[in-house]
């Protein structure tokens with residue numbers, strides 16, 4: 025598969041096993057949901073929740089155990105964020121680069137990087153508007 029902003033082929037990533045054998049996992053499904061909801065109440069992002077479950081509780085995949093992703097579990101309990109996590113993190117990244125460019129106006133490499141980040145934000149925003157995850161009037165400024 026090709027890269028988004030380059031003319032070279034991308035490197036393939038690792039794939040998860042098709043049939044995950046979770047016999048080594050000692051934690052139960054209800055306990056996992058309880059941990060997810062507790063962490064979400066403390067304003068912890070879904071990606072960090074997944075890392076914590078993997079590293080501290082030895083759970084390789086929430087979806088393999090519960091049949092639902094972390095964001096689906098949060099959506100069932102009305103604990104989702106106003107903005108999807110990937111879009112939010114991209115806006116934070118763009119703001120940092122914009123602040124840097126304010127101090128370093130001749131930094132052409134990061135100017136291009138900023139343009140690529142904002143292009144990705146626009147693509148993601150278009151997708152989330154069409155799926156109804158963000159309001160149709162949302163714009164990145």
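Residue numbers (the working numbering): 25 to 165. By construction, the Cβ of each residue, glycine as well, lies at the ideal position given by its N, Cα and C atoms.
Alpha carbon to alpha carbon, how far is residue j from residue i? Give it in angstroms, no decimals.
i, j, result
"residue 76", "residue 105", "19 Å"
"residue 152", "residue 55", "31 Å"
"residue 73", "residue 64", "8 Å"
"residue 60", "residue 45", "22 Å"
"residue 30", "residue 40", "27 Å"
"residue 150", "residue 130", "31 Å"
"residue 28", "residue 37", "15 Å"
"residue 35", "residue 137", "20 Å"
"residue 116", "residue 57", "29 Å"
Bridge partners of residue i, per DSSP?
i, result
"residue 33", "26"
Pull up the CB-CB distance for residue i and residue j, whole angstroms please, since I reckon it's below 8 Å.
i, j, result
"residue 148", "residue 135", "Not a contact, Cβ separation roughly 21 Å."
"residue 83", "residue 51", "6 Å"
"residue 62", "residue 89", "Not quite, the Cβ-Cβ distance comes to about 17 Å (not below 8 Å), so this is no contact."
Next on the checklist: For the segment 86-93 against the segment 136-144, do three or more pairs of beta-carbon atoms, one drawn from each stretch, fall closer than 8 Å, so that the two count as touching?
Outcome noted: Between the segment 86-93 and the segment 136-144, the count of Cβ pairs shorter than 8 Å is below three; the stretches do not touch.
Checklist entry - Touching or not, the segment 157-164 and the segment 98-116, by the rule of three or more beta carbon pairs under 8 Å? => result Yes: the two stretches touch, three or more of their Cβ pairs being nearer than 8 Å.
Next on the checklist: Runs of 4 residues minimum, wholly inside the segment 49-81: which ones carry the alpha helix (DSSP H) assignment?
Outcome noted: 53-65 and 70-81
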